[in-house]
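Q: Pasting in a structure now, in structure tokens, and then I'll have a few things to ask.
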């Protein structure tokens with residue numbers, strides 16, 4: 001059985017995520033597209049924001 005030649009790997013730098021609030025955009029989207037009260041999702045949006053902050057502060061993927 002012949003071996004498949006290996007392609008050289010390319011190293012890509014990790015991207016940095018800046019601090020931004022996505023809650024206003026999500027609330028506007030919910031109101032416009034679903035017609036629901038966006039304030040009902042405050043707790044869930046806070047959890048998502050905390051998760052995003054935790055992930056963006058990771059130095060490596062190990």
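Numbering (the working numbering), first residue to last: 1 to 62.
Where a beta carbon is used, it is the ideal one built from N, C-alpha and C, also for glycine.
#1: Which of the three DSSP states is assigned to residue 23 in this structure?
#2: In the DSSP assignment, the alpha helix (DSSP H) including residue 54 goes from what residue to what residue?
#3: Out of curiosity, what's the CA-to-CA distance linking residue 56 and residue 36?
#4: Using the C-alpha atoms, what's the distance from residue 24 back to residue 34?
#5: If residue 38 sits next to residue 31, beta carbons under 8 Å apart, how far is it from one beta carbon to the other, in whole angstroms?
A: Based on what the coordinates show:
#1: Helix at residue 23.
#2: From DSSP, the alpha helix (DSSP H) with residue 54 extends over 42–56.
#3: Rounded to whole angstroms, residue 56 and residue 36 show a C-alpha spacing of 30 Å.
#4: Roughly 15 Å between the two C-alpha positions.
#5: Between residue 38 and residue 31 a beta carbon distance of about 5 Å is seen, short of the 8 Å cut, so the two are scored as contacting.
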